[in-house]
Amino acid sequence: MKKYCISICLLLGLSGQVLSQVKGDEDKDMFNKAQARDQSEIDRAVNGWWKTSMETHDQRIKWWREAKFGMFIHWGVYSEAGGVWKGKTVNGYSEHLMRKEKVSRAAYLDLAHTFNPGQFNAEKWVLAAKNAGMNYMIITAKHHDGFAMYPSAVSEFDLAHQTPFKRDPMAELAAAARKHEMKFGFYYSHAFDWEDPNAPGNDWEYHNPGGDQLIGGANWFDQHPEWLPKAVKYVNEKAIPQIQELIHKYHPDILWFDTPHKLPFSENLRILEAIRKADPNVVVNGRLARNGNTNFGDYKNTGDRPAEFAPVTGDWEAIPTTNESYGYSRNDHSHKPAGFFVRLLANAVSRGGNLLLNIGPMGNGAFDQKDSEILAGIARWNKQNRESIYKAGPTSLPLQSWGVTTQAKDKVYLHVFNWPLNGKIVLGGLESTVGEPYFLADASRKTLKMVHKGSTVEVEVPKVMPDTLNTVIVLPLKGALKTDPVRLVASEGVETRLLAFDAELIGKGFGFGDGKTNKYYITGWKKAEQQVRWTFKSNAEASYKVRIKYIPENNHPVRYALLVDETNVVKTTATPGKSMEPVTESIGTIKLGAGLHHLSLKALDSAATEVMKLLEIDLIPVP
889 MKKYCISICL LLGLSGQVLS QVKGDEDKDM FNKAQARDQS EIDRAVNGWW
939 KTSMETHDQR IKWWREAKFG MFIHWGVYSE AGGVWKGKTV NGYSEHLMRK
989 EKVSRAAYLD LAHTFNPGQF NAEKWVLAAK NAGMNYMIIT AKHHDGFAMY
1039 PSAVSEFDLA HQTPFKRDPM AELAAAARKH EMKFGFYYSH AFDWEDPNAP
1089 GNDWEYHNPG GDQLIGGANW FDQHPEWLPK AVKYVNEKAI PQIQELIHKY
1139 HPDILWFDTP HKLPFSENLR ILEAIRKADP NVVVNGRLAR NGNTNFGDYK
1189 NTGDRPAEFA PVTGDWEAIP TTNESYGYSR NDHSHKPAGF FVRLLANAVS
1239 RGGNLLLNIG PMGNGAFDQK DSEILAGIAR WNKQNRESIY KAGPTSLPLQ
1289 SWGVTTQAKD KVYLHVFNWP LNGKIVLGGL ESTVGEPYFL ADASRKTLKM
1339 VHKGSTVEVE VPKVMPDTLN TVIVLPLKGA LKTDPVRLVA SEGVETRLLA
1389 FDAELIGKGF GFGDGKTNKY YITGWKKAEQ QVRWTFKSNA EASYKVRIKY
1439 IPENNHPVRY ALLVDETNVV KTTATPGKSM EPVTESIGTI KLGAGLHHLS
1489 LKALDSAATE VMKLLEIDLI PVP
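Numbered by the working numbering, the letters in the sequence shown go through residues 889 to 1511 in order.
Spelled out as structure tokens, the structure:
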């Protein structure tokens, strides 16, 4: 009982705080702060049904932990529009078309009446995912538009009643997934529903709270409790019945939820309880009911569309997408290359997480050609290197300058993203006895020359990178893995990126960005007593050019210092300005001897807002 008492105390301690929300749905925190109204539901959960459900947690989530990689699919009526409304390109998330363009329910139904995805083929979708190494699939059964993508007996705002497409794509996908031994489940928008007059979100037609206008405030359910019965009616009459319908009709392995801050926490807990009663074995993600430091789901979700990962413990999952929209957008051509996702997957596994890569199929039911090419590129890499992902997990090795490491029982895998100019992969921190290394993709297992001295392994490699997406080197272990946790900075051959996410943050008030491109920064750096510090070692004396990357946060100059081993070596000024565009600057050259070092950034002035939003420091060896 002790751990549950701790959870309750934490929740009670947060009860007086105010939850800030943002327009749309992508709130940074994705959780509720506890309120007095919620406490009876919390008490009932942690002393009853939720406590009981957690007794089988490890059994329930076992398959998910082993899966590593999944496919997220955003597909709906909005896919037919493809990010275009009345001839106008709608930027951003195309699945938010209804909200962005303030489309009425009637006009949205006119769009639904044209939705007829004749090219939809469940077998092709599942095989495309399976070939790319994905082991689970999650599709939007109902997104924020409130439209059910399956025949629903609960609401006629659904595929069967409103479109000429009379098949059940959810049933076909569930069958194809099970045929090919892939886990399958649904995204369901429980807190947003733009068609239902009782649900949060639609403030252009129904004048409801929870939308962009924040009618009644961000915490509308506390400021206007008289409005809450409408939302409860929606939860009772649509959300819970449709979730139960999905469970009983399709027997999903996983359910995925979002935007819990649009409803009071008590409602989110009620929904989770209904799920546990309907199927105690279905996995539930971490965005249905999360309150303060307590996650009532089965695992944690990190920020959307990540490029880098902030520190996180326990089971977690990240959700990148192939371009910048989750739903299909015909004018969004910002697709990342396959290598971006191959490296992101390896990085996630090296840190103990899963990757759920989103695809937005077109309105006709086919995948966009660019998405298909990305999946094919991942599949080619996966075919030769899959054991370094699916039979592996995180290691106790420190961070490496050239890439990341994963570990199986008797092997360490070196995932090399940045090929060294000097032809030497230098692995730092390995104290175990090892066998001869080889490229995982090399069927002949031709060994590579290696020198192992102390905790450093140096592997000779060809000048040309064998696989530019991610070249994997296998290092057989002879016995248990023994490591030195201190990071080794490369003295030649490759740059070292010291990410703010990987720094030691000295002082109070720091936070993290969401990890998106140019948002993998720290926040809350305002005071001179705060420091950002990295600890590492060097095997040889070397000089480095130092480069900094940050987001300016002040319209006036703010001075800061670069310290090496607590000695100021550079004093300079952050570029004035306030925008989300990153600044990259050279801040001098430093010389490091062999041995242990601390590199720090310290503000010389306190700032009313922030000194800067620091992204990274790069150390570039000087030949």
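The beta carbon of each residue, even a glycine, is placed where N, CA and C say it ideally should be. Just so we're clear, the structure is a prediction, and the values are computed from it rather than from any experiment.
{"Asked": "Helix, strand or coil at H1112 [DSSP, three-state]", "Found": "coil"}
{"Asked": "Cut-off 8 Å between Cβ atoms - residues of its own chain near P1113, not counting five sequence neighbours on either side", "Found": "R925"}
{"Asked": "For T1283, three-class secondary structure by DSSP", "Found": "coil"}
{"Asked": "Q909 (DSSP reduced to helix, strand or coil)", "Found": "Residue confidence is low: Q909 scores 48 on pLDDT, short of 50, so the model does not pin down where it sits. Its coordinate-derived value is still stated next. If DSSP states are grouped into helix, strand and coil, Q909 belongs with coil."}
{"Asked": "Buried versus exposed, by CB contacts within 10 Å (16 or more), G1397", "Found": "exposed"}
{"Asked": "Three-state secondary structure (DSSP) of E1383", "Found": "coil"}
{"Asked": "8 Å Cβ cutoff met for N1310 and G1395", "Found": "no"}
{"Asked": "Candidates K1414, A1079, S1260, of which the one nearest W1144 by Cα", "Found": "A1079"}
{"Asked": "8 Å Cβ shell around T1411 - same chain, five flanking residues per side excluded", "Found": "F1398, G1399, F1400, G1401, E1498, K1501"}
{"Asked": "Run of the alpha helix (DSSP H) containing W1269, from where it starts to where it stops", "Found": "1257-1273"}
{"Asked": "Minimum C-alpha distance to A1036 - residue among N979, I1142, Y966, T1384", "Found": "Y966"}
{"Asked": "Given N1090 as reference, the closest of K1126, K1067, G1034 once Cα atoms are compared", "Found": "G1034"}
{"Asked": "I930 (DSSP reduced to helix, strand or coil)", "Found": "helix"}
{"Asked": "Residue range of the unbroken alpha helix (DSSP H) whose run includes G1156", "Found": "The question names Gly, but residue 1156 is Asn in the sequence shown. Taken as a continuous stretch (DSSP letters only), the alpha helix (DSSP H) holding N1156 covers 1153-1166."}
{"Asked": "Assigned secondary structure, F1197 (DSSP; H/G/I helix, E/B strand, else coil)", "Found": "coil"}
{"Asked": "Whole-angstrom distance between K1279 and K842, CA atom to CA atom", "Found": "Residue 842 is absent from the model: the chain starts at 889 and stops at 1511."}
{"Asked": "Residues bridged to F1327 [DSSP beta-bridge criterion]", "Found": "I1361"}
{"Asked": "C-beta contact flag for F1008 and P1057 at 8 Å", "Found": "yes"}
{"Asked": "Straight-line gap, T1182 to K1188 (C-alpha atoms, nearest Å)", "Found": "10 Å"}
{"Asked": "Whether I1026 touches I1142 by CB criterion (8 Å)", "Found": "yes"}
{"Asked": "Cβ neighbour criterion (16 or more within 10 Å) applied to G904", "Found": "Low per-residue confidence applies at G904: pLDDT is 32, beneath 50, and the placement is therefore not dependable, though the value from the model is reported in the following sentence. Flag for G904 reads exposed."}
{"Asked": "Option in Y1076, T1147, L1245 with minimal Cα separation from G1021", "Found": "L1245"}
{"Asked": "Inter-stretch contact at 8 Å, needing at least 3 Cβ pairs: the region 1224-1238 / the region 1417-1428", "Found": "no"}
{"Asked": "Collapsed DSSP secondary structure at D1402 in the structure displayed", "Found": "coil"}
{"Asked": "Contact test: K1018 Cβ vs the ligand FAD heavy atom, cutoff 7 Å", "Found": "The ligand FAD is absent from the structure shown, which contains no ligand whatsoever."}
{"Asked": "Alpha helix (DSSP H) segment containing T1229, residue limits", "Found": "With the sequence shown as reference, residue 1229 is identified as Phe, and Thr is not the correct amino acid for it. Segment 1226-1238, the alpha helix (DSSP H) holding F1229."}
{"Asked": "Proximal residues to L1061 (C-beta, below 6 Å), its chain only, five neighbours per side dropped", "Found": "A1010"}
{"Asked": "Element boundaries [alpha helix (DSSP H), containing M1058]", "Found": "1057-1067"}
{"Asked": "Member of Q1101, V1172, N1096, T1283 whose CA lies at the smallest distance from the CA of W1115", "Found": "N1096"}
{"Asked": "DSSP-derived helix/strand/coil call for K1189", "Found": "Lys is not the amino acid found at residue 1189; the sequence shown has Asn there. Looking at N1189 - three-state DSSP - the assignment turns out to be strand."}
{"Asked": "7 Å Cβ shell around E1504 - same chain, five flanking residues per side excluded", "Found": "R1385, L1386, L1387, A1388, K1437"}
{"Asked": "Beta carbon of G958 nearer than 8 Å to that of N1023", "Found": "yes"}
{"Asked": "Runs of beta strand (DSSP E) wholly within the region 958-1045 (minimum 3 residues, chain order)", "Found": "1024-1030"}
{"Asked": "CB contact flag (G1248, S1213, <8 Å)", "Found": "yes"}
{"Asked": "Limits of the unbroken alpha helix (DSSP H) element including Y1094", "Found": "Per DSSP, Y1094 belongs to no alpha helix (DSSP H) and is neither H nor E."}
{"Asked": "For Q1295, three-class secondary structure by DSSP", "Found": "strand"}
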